[in-house]
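As C-alpha cells, the structure follows; a few thoughts come after it.
See below:
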C-alpha cells in the first residue's frame, strides 16, 4: 500500500515530534555532564566551556568501576543462561510434540504478565532462607527467570518459521534433534538471537528493584543502584550526577550501535533461510 504525499508528511511530523521528546532530555543530560560544576544550576543550557573532568570525578567518587563490573557479571550471566535455556525450550515448543506442551507454553507466558513488584517480597524471603541474598546469584537467577518467558516466546516463533525442508534434509542425513538445532537452526538464527540478547541485556542492565531489595554490600551493587546512591550523596552536584548517568548508560548504547544491523535484521527479517 502506497501512502499519499500528505500521509507521508503527517507520518514524518508525528515521528519527528516523538523523536524530539526522546532526544531533548538526552541532550540536556549530555550538556549537563560537560558543564563545569560551578556553572551548572540544573537548567538546560549550553556550557561556555567543556569540563570533561566531570566523568573522571564521577567515576572515582561514585566507585563506578566496582558497580560496572558487577553489572557486567550479572548481565552477561543472565544473557548466557537465558539464551541457552531459551534456545532449548523454544526448539522443544516449536518442533517437538509432547503431552501438555500447549498448556505449559501458556503457563510460561504468564511470566510476561507478572511484574517484579508482585513477587519481590516472597522472592526475598525464599532466597534469604537458602542463604542467597546479597550474592550475585540472587540477581542472576530471578532475572534469568524473568527473561526466560520472553526468550521462549521469541525463539519459538522464530524456530516455527524455519523452512521445514531444510530440517527434513538434515534428518535424512542422520542428524538428531540436538544436531539439527545447534548446527542447522541456530547458525541461521543469529540475527533474531542477537536481537533477543540485546533486549535482555538492556532489561537486565537497567533493572533496579531486584538489586535494591537483594543487595546490601557495596561491592555487589549494580550500576543503576550505585548511581542512585551516588545521587543521594551529591544532590546538588548536577554535573557529577549527569556524568554518572552517562557512564551507566554508555555500555548499552555502545552495544546497541555495534549490533544495530543484526538487531534491526532480527526484528524485521527473522530467520534467514540460507
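Residue numbers (our numbering): 22 to 295.
Beta carbons are placed, not taken as given, at the ideal position from N, Cα and C, and that holds for glycine.
Give every residue of the same chain whose Cβ lies closer than 7 Å to the Cβ of residue i, excluding the five residues on either side of it in the sequence, and list them in chain order.
i	result
residue 103	165, 168, 169, 172, 221
residue 88	242, 243, 244, 247
residue 218	100, 104
residue 27	none
residue 249	none
Over what stretch of residues does the alpha helix (DSSP H) that includes residue i continue unbroken?
i	result
residue 148	137-150
residue 45	26-54
residue 87	85-116
residue 132	122-134
residue 227	211-227
residue 249	244-254
residue 235	230-235
residue 174	158-181
residue 189	185-193
residue 74	74-82
Look at the alpha carbon of residue i and the alpha carbon of residue j, and state the distance between them as a whole number of angstroms.
i	j	result
residue 245	residue 156	17 Å
residue 73	residue 179	45 Å
residue 117	residue 53	54 Å
residue 37	residue 31	10 Å
residue 174	residue 111	7 Å
residue 294	residue 239	The predicted position of residue 294 is uncertain, since its pLDDT is 41 and thus under 50; a value taken from the coordinates is nonetheless stated next. Using only the alpha carbons, I get a separation of about 48 Å.
residue 93	residue 143	26 Å
residue 265	residue 259	10 Å
residue 268	residue 261	10 Å
residue 280	residue 135	29 Å
residue 278	residue 149	39 Å
residue 233	residue 138	12 Å
residue 237	residue 223	23 Å
residue 215	residue 184	20 Å
residue 182	residue 254	52 Å
residue 194	residue 124	33 Å
Would you please verify whether the beta carbon of residue i is less than 9 Å from any beta carbon of chain D?
i	result
residue 283	Going by chain labels, chain D is absent from the structure shown, which holds only one protein chain.
Would you call residue i buried or exposed, if buried means 16 or more other Cβ atoms sit within 10 Å of its Cβ?
i	result
residue 29	exposed
residue 83	buried
residue 257	exposed
residue 210	buried
residue 285	exposed
residue 107	buried
residue 39	exposed
Kindly list the residues whose CB is nearer than 8 Å to the CB of residue i, restricted to its own chain and excluding five residues on each side of it in sequence; keep chain order.
i	result
residue 122	113, 114
residue 133	170, 171, 174
residue 78	261, 264
Suppose the cutoff is 6 Å on Cβ atoms and the five residues either side in sequence are ignored; what does the same chain contact list for residue i look like?
i	result
residue 191	201, 205
residue 153	159
residue 98	161
Worksheet item: How do the segment 57-77 and the segment 190-201 stand: do at least 3 beta-carbon pairs fall below 8 Å, yes or no?
Response: no
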